[in-house]
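Some notes on the structure that comes next.
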Amino acid sequence: MQMAIPPPVDGGWSAWGSWGSCSTACGSGTESRSRDCDNPTPLPGGSCNGPSTESQSCNDAPCPVDGQWGSWTSWNTCTESCAGGTHSRSRSCDSPSPDHGGSQCSGSASDSQTCNTHPCPIHGVWTGWGSWQSCNITCGGGEENRTRTCTNPPPQHGGDPCSGDPIDIQSCNTHPCPIHGNWSQWSNWTECDKPCGVGFQNRSRTCTNPPPQHGGDNCTDHDAERSFCNEHPCTDMCDTPKKTCNCSGVPVIYDMSKLQP
Numbered sequence: 001m002q003m004a005i006p007p008p009v010d011g012g013w014s015a016w017g018s019w020g021s022c023s024t025a026c027g028s029g030t031e032s033r034s035r036d037c038d039n040p041t042p043l044p045g046g047s048c049n050g051p052s053t054e055s056q057s058c059n060d061a062p063c064p065v066d067g068q069w070g071s072w073t074s075w076n077t078c079t080e081s082c083a084g085g086t087h088s089r090s091r092s093c094d095s096p097s098p099d100h101g102g103s104q105c106s107g108s109a110s111d112s113q114t115c116n117t118h119p120c121p122i123h124g125v126w127t128g129w130g131s132w133q134s135c136n137i138t139c140g141g142g143e144e145n146r147t148r149t150c151t152n153p154p155p156q157h158g159g160d161p162c163s164g165d166p167i168d169i170q171s172c173n174t175h176p177c178p179i180h181g182n183w184s185q186w187s188n189w190t191e192c193d194k195p196c197g198v199g200f201q202n203r204s205r206t207c208t209n210p211p212p213q214h215g216g217d218n219c220t221d222h223d224a225e226r227s228f229c230n231e232h233p234c235t236d237m238c239d240t241p242k243k244t245c246n247c248s249g250v251p252v253i254y255d256m257s258k259l260q261p
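If you count by full-length UniProt numbering, then the sequence shown holds residues 1 to 261, one letter each, in order.
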């Protein structure tokens, strides 16, 4: 008995399977799915026509871009020239900038620090003038001085010294000095007032060598002297008819003719 041979059966595709995972989470990836040639399985007919897998693009949305900091700028000018100021610098979140929901840069966009911490220069300042010192002489024009110091405050940290002089001088006691009187030399003695029988002669001096001035003292002691002179007795003879004699110091006129015998 001869067996019947079944007719050939061509293969048929099963339904497509589910799409597989996308190859990327963003930025356009691919996903695929497959099917089997088992609906029915070819027996012994021809195989299924067409591909057993197919793919498509997926997650076409752009990927998030996280922000990254750019370089720091240069430090700006210090707020103070000395004694401690601050200066700052900045940076931008633009290398790259955040995009498509990416995160912002972490950290601060600015930075500051102290600067110019060296002490400031202190310029010297004079103290007040001290008291005037005693005049170096009591009259006739002298000098007195007063002083000051560059310590209020003294110059420090490169500050300027005080300008001007630390000493001040002025004239003092300019009134004339007293001049005390002093005697001149004695004058010559005057002529004796009698030729005999005790006479007198005088001499004098003046307070002019120099004279007292500006409150100076007058000369002391006397300004005239008298002295005896011609103390010898008178011996003159009266030998003329009339003659004035100074015998005994008293002038007498004698008439000689009447004295003859």
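Ideal Cβ positions, reconstructed from N, Cα and C, are used throughout, including at glycine. Here the structure is a predicted model, which means the values were calculated and not measured.
Inspect the beta-carbon positions of Gly-70 and Arg-89 and report whether they are closer than 8 angstroms. no
Using the C-alpha atoms, what's the distance from Gly-215 back to Asn-202? 31 angstroms
For Ile-137, which three-state DSSP category applies? coil
Can you list, in chain order, the residues of its chain whose CB lies under 6 angstroms from that of Cys-63, leaving out five sequence neighbours each side? Cys-26, Gly-27
Given this structure, state the Cα-to-Cα distance separating Gly-199 from Trp-189, to the nearest angstrom. 13 angstroms
Can you give me the C-alpha to C-alpha distance between Ile-122 and Asn-76, rounded to a whole angstrom? 26 angstroms
Of all the options Ile-137, Gly-29, Trp-126, which has the alpha carbon lying nearest to the alpha carbon of Pro-154? Trp-126
Under 7 angstroms Cβ to Cβ from Pro-98, same chain only, skipping five residues before and after it: list those, please. Val-65, Asp-66, Gly-67, Gln-104
Using the three-state DSSP reduction, which class does Glu-54 fall into: helix, strand or coil? strand
DSSP on Asn-39, reduced to helix/strand/coil? coil
Leaving out five residues before and five after Asp-223 in sequence, what residues of the same chain have Cβ atoms less than 8 angstroms from its Cβ? Trp-183, Ser-204, Arg-205, Thr-206, Cys-207
Taking one C-beta from the segment 39-52 and one from the segment 2-18 each time, how about it: are there three or more such pairs within less than 8 angstroms? yes
Since Arg-148 and Trp-129 should fall inside the 8 angstroms C-beta cutoff, what is the C-beta to C-beta distance between them, to a whole number of angstroms? 5 angstroms
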